[in-house]
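Going by mature numbering (1 follows the signal peptide of the UniProt record, and there is no 0), the letters in the sequence shown line up with residues -20 to -1, 1 to 831, in that order.
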Amino acid sequence: MMIKPAISLILVFLVIGLYASSDGNSSSFNTTIDCNSCPASCNCDTEGSIHCTEKGLTAIPPGLIHCERPDVIILNVSFNLIQNISVDDFNGLPNLERLFLYDNLIDDIEEYAFSDLTSLELLSLDGNRLTTLKPNVFMGLIGLKSLLLYSNSISSLPVGVFDDLISLIVLALHNNRLTSLNPQLFANLPNLQRLYLYGNGIRDLSDSPFQHLSKLTLLYFSSNNIIELTNASLAGLNSLRTLVLRTNQIRTLSHDVFIHTPSLTSLYLDSNRIRRISSDVFSPLTRLQRLVLSNNLIEVVEDRAFSELRSIVFLYLRTNRLQSITEKTFHGLFNMQQLIMYDNLITSIPGNAFRQAVNLRRLWLQDNRIECLNEKAFAGLNYLQLLQLSDNRISYLPKDVFQYTPRLTFLLLISNRLERIETFPFRNLRYLAQLALYKNKISFIAEGSLENTNRIYYLQWNDFRTNITQDNMIVCDCSALWLQEYLRSNRPYYETVLCGYPIEVRGQRLRSVDIANCSKHFAKGLKVSVTPSSEVNYVQSGACLELQCKANQNVDVTWKRIVKGSEQALEEDHSSFCTNKSVDNCGNTDTEGLLVLKDIAAADQGIYVCTATLENVTSSVIRQIQIGEPPVIEKSPISVVARDPPSYVIFEAAARGNPPPVLKWYHNSNEIDFKNTTKMYLTSNGSLIILGPQFEDNGQYKVVADNGAGSVEAAASLTIYFRSACNRGSGCSNDGQCLPVHYCRCPDGYSGDGCEESQETAPPSTTPTTPLPSSGDYYYSGDYYYSGDYYYSGDNDYKRKKRGVAYSQYDYDFTDMSVSSSRKKTLGKQQKIKQNIIKRIRNNAELRKKI
């Protein structure tokens, strides 16, 4: 502490020497530096501010160094060429509160350089060339509240460099070259509230570097090289409210990483490499309001992963790899108002997926792969105002799918695969102001679809910026009369409903087109239909396609093609297609209204129109033909052989193509009906799961991928060897036969594991006619399926038995009039038992990972 007085004494002698060298005339120095005027190259004001910016200065002006200026509160010497700061540069500014030295060339600061600035509250040293700091450089700055050191080249900091900064609130160290933090570096900053460390190269936080920062409320730590967050990483941050960890390399979050941050309200984890969100990682964050997980690699969000986030308002999950969500994914998020999930790989929205998000206002689901929406997909969203579903693969809207969103104001379905709207999905959306449907292939919308939607302000049916052939092709005949009347009566401020056909009104607004003779049309009931019913037909190159057009009146139908915006009749002798009179078709003997395209090539792609005319009234149907990419199996099922019955078997399968193929499964050549079985489950990517496989499940399993442009298949087999008494050497009693699959097939009148039990009233041996119990807790013996503590005795009643319940065909045929009402009640209970067991298997953690 004696160094500074000694240096000051030396400077005094130097000054005296300067006076002496001036011929003893002391006035010559005073004429050079006038301490009562503004320093040269600076601007001063009456409020105590001196500004010396952008003057090319290489040192602090002499008028500041050698003068006492107690009135100066703000000094700005930024944007100059100063390289170092010496110990006496600011010793005449005892009341200075703000010192700006940013954007100079400073690479060295002497120790104690700011020790006289006891009133200093803000020190800005950002944008210089500092690589390190000397231990006592900030000595004496006991009142400093903000220290800005960002955008330097600091690679190391000595322990104790901040020890005198007991009043510091803001410390900015971002955009430097730090690679590590000593756990004692911030030990004496008891009042620090905001710490900025982003843009460094810090790799590890395992030494609890923030353990002494009990008052810190904001930690900005993005753009570093952190790979893992552990329990110690955030230790001591009990008051932290905002944590920014975006753009690191974080791969995993330990289950207890946030136990030290119970006060967090905002957490930013976007742009990392997180793959999985476990169910307990966010449990301590009951005050969290904003959670950002965008731009990661998240594939799985475990059920109830957010259930403890009772205060969450904003949840961001965009740009990840999520393929599915369940009804428990967002369990407990009662206060969430905005959910952003666009740019993922989600293929479907299950029923009740958002039921507990009762306060959700905005839901962003665009840029996914959604193909279907459950009719209860949006159940519970009574306050939803914006629903963004654009850029998906939705081809069908279930009836009243939006009935659970009565306050919906903005609905966007742009760039999907909608062809016909026949289920009235938009009716009764009384608050709907914007409905965006362009970039689909809609040619028909059923009358009544817009009932009670008279507040629509923007009705975006077509996109004026694109060619109409790439957009919705509404047929402006009498079937569109109701829509025309709707547009004329409600007069939306902005609407783009354009006609695609007939050709003479193509591109014109439906609202202004004259649809004549509609009353006569309706009286006759003229209607045209085409088989197959798909609006867009995908076929293989070189294939043959038949389109059969018929009218419900005794009138002729004609096929035409739209080429470059104009109608062209189809010639009879055209090499690629033939019409009514041709018999050289693909095999169809009914040639009325038949359009056949043979050896389809790229030139045959486009739009085809079938029309019928009755008394000057025309009815038309549009079909689009595209050459698709045949499906390719990307993942084939693998045969399974097991010695003991497993709790489940999974056959993985995946296929690609254009359009995306539909996968169907067959067991021993019989198509599996997933709607009517509880033991077989089809995953979103097309894999097959068999729950609690039994002997009858053995055999061949084949998956067929078909997309209209072709089909492809792959097969695998299931072989399970069941152990029973005869397999263990005990044999089968009463002439029972020990089968190669190792279970006893008992003769009439006997049952049991080894046919040892007499069953005089046993029902006839038969295969159950309805889904059988499908859990590993059930087993098959003869004609019975056992579970629980009951068995079926054959006399229309259940009895207690150690082994369990025996299910026969009678147990599942609830329409059998011979079954008493009490028996049905008992059977209903057993169905619940079965469902609970299946549910338990589906909740199996290992199985859930595979799904």
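From the three backbone atoms N, C-alpha and C, an ideal C-beta is built for every residue, glycine too.
Predicted, not measured: the structure shown is a model, and the values here were computed from it.
Between residue i and residue j, which are expected to be in contact by the criterion C-beta below 8 Å, what is the C-beta distance as a whole number of angstroms?
i: residue 477; j: residue 486; result: Their Cβ separation, rounded to whole angstroms, is 13 Å, which puts residue 477 and residue 486 out of contact at 8 Å.
i: residue 322; j: residue 368; result: 7 Å
i: residue 676; j: residue 638; result: So it is not a contact: roughly 38 Å between Cβ atoms.
i: residue 128; j: residue 152; result: 5 Å
i: residue 573; j: residue 529; result: 4 Å
i: residue 343; j: residue 319; result: 5 Å
i: residue 602; j: residue 453; result: 5 Å
i: residue 76; j: residue 100; result: 6 Å
i: residue 202; j: residue 228; result: 7 Å
Once the 5 residues before and after residue i are set aside, which same chain residues still bring their CB inside 6 Å of it?
i: residue 275; result: 250, 251 and 299
i: residue 74; result: 50
i: residue 592; result: 508, 531, 535, 537 and 599
i: residue 371; result: 346, 347 and 395
i: residue 33; result: 56, 58 and 59
i: residue 156; result: 132, 134 and 180
i: residue 408; result: 432
i: residue 427; result: 462
i: residue 563; result: Caution applies to residue 563, whose pLDDT of 38 falls short of 50 and renders its modelled position unreliable; the value that the coordinates give is listed next. Cβ neighbours of residue 563 beyond the five flanking positions: none.
i: residue 619; result: 696 and 697
i: residue 71; result: 96
i: residue 78; result: 54 and 102
i: residue 222; result: 198 and 246
Based on the DSSP secondary-structure assignment, which residues constitute the bridge partners of residue i?
i: residue 320; result: 296 and 344
i: residue 539; result: 590
i: residue 86; result: In DSSP, residue 86 forms no bridge with anything.
i: residue 263; result: Answer is none; residue 263 lacks a bridge partner.
i: residue 270; result: 246 and 294
i: residue 517; result: 605
i: residue 222; result: 198 and 246
i: residue 671; result: 628
i: residue 139; result: Looking at the DSSP assignment, residue 139 forms no beta bridge with any residue, so it has no partner.
Thinking just about the alpha-carbon of each residue, which of the options is nearest to the one in residue i?
i: residue 130; options: 440, 200 and 375; result: 200
i: residue 145; options: 400, 277 and 125; result: 125
i: residue 461; options: 691, 495, 654 and 680; result: 495
i: residue 302; options: 328, 265, 632 and 290; result: 328
i: residue 622; options: 233, 519 and 698; result: 698
i: residue 259; options: 523, 233, 348 and 383; result: 233
i: residue 350; options: 620, 190, 398 and 359; result: 398
i: residue 524; options: 660, 265 and 585; result: 585
i: residue 604; options: 311, 516 and 572; result: 516
i: residue 678; options: 168, 628, 389 and 663; result: 628
i: residue 149; options: 162, 175 and 141; result: 175
i: residue 472; options: 441, 459, 483 and 451; result: 441
i: residue 139; options: 122, 127, 147 and 162; result: 162
i: residue 313; options: 304, 333 and 325; result: 333
i: residue 121; options: 112, 96 and 44; result: 96
i: residue 606; options: 583, 484 and 589; result: 583
i: residue 374; options: 340, 229 and 421; result: 421
i: residue 657; options: 286, 673, 14 and 643; result: 673
i: residue 360; options: 384, 539 and 112; result: 384
i: residue 459; options: 469, 484, 506 and 452; result: 506
i: residue 143; options: 160, 110, 136 and 165; result: 165
i: residue 205; options: 172, 248 and 160; result: 160
i: residue 467; options: 105, 309 and 438; result: 438
Leaving out five residues before and five after residue i in sequence, what residues of the same chain have Cβ atoms less than 7 Å from its Cβ?
i: residue 425; result: 401 and 463
i: residue 3; result: Note that residue 3 has pLDDT 37, beneath the 50 cutoff, so the model's placement of it is unreliable and the number below is only indicative. No residues qualify anywhere along the chain.
i: residue 632; result: 615, 617 and 667
i: residue 690; result: 520, 610 and 611
i: residue 186; result: 210, 212 and 213
i: residue 388; result: 364, 365, 367, 382, 409, 411 and 412
i: residue 511; result: 528
Comparing the C-beta of residue i with each C-beta of chain C, is any distance below 8 Å?
i: residue 202; result: This model lacks chain C altogether, as it is built from one protein chain only.
So, for residue i: in the same chain, excluding its five sequence neighbours on each side, which residues have a beta-carbon less than 8 Å away from its beta-carbon?
i: residue 522; result: 579, 580 and 581
i: residue 802; result: Note that residue 802 scores a pLDDT of 44, beneath 50, so its modelled location is shaky; the value from the coordinates is reported in the next line. The answer is none, since no qualifying residue turns up.
i: residue 242; result: 218, 264, 265, 266 and 267
i: residue 37; result: 21, 57, 60, 61 and 62
i: residue 254; result: 230, 231, 232, 233, 273, 276, 277 and 278
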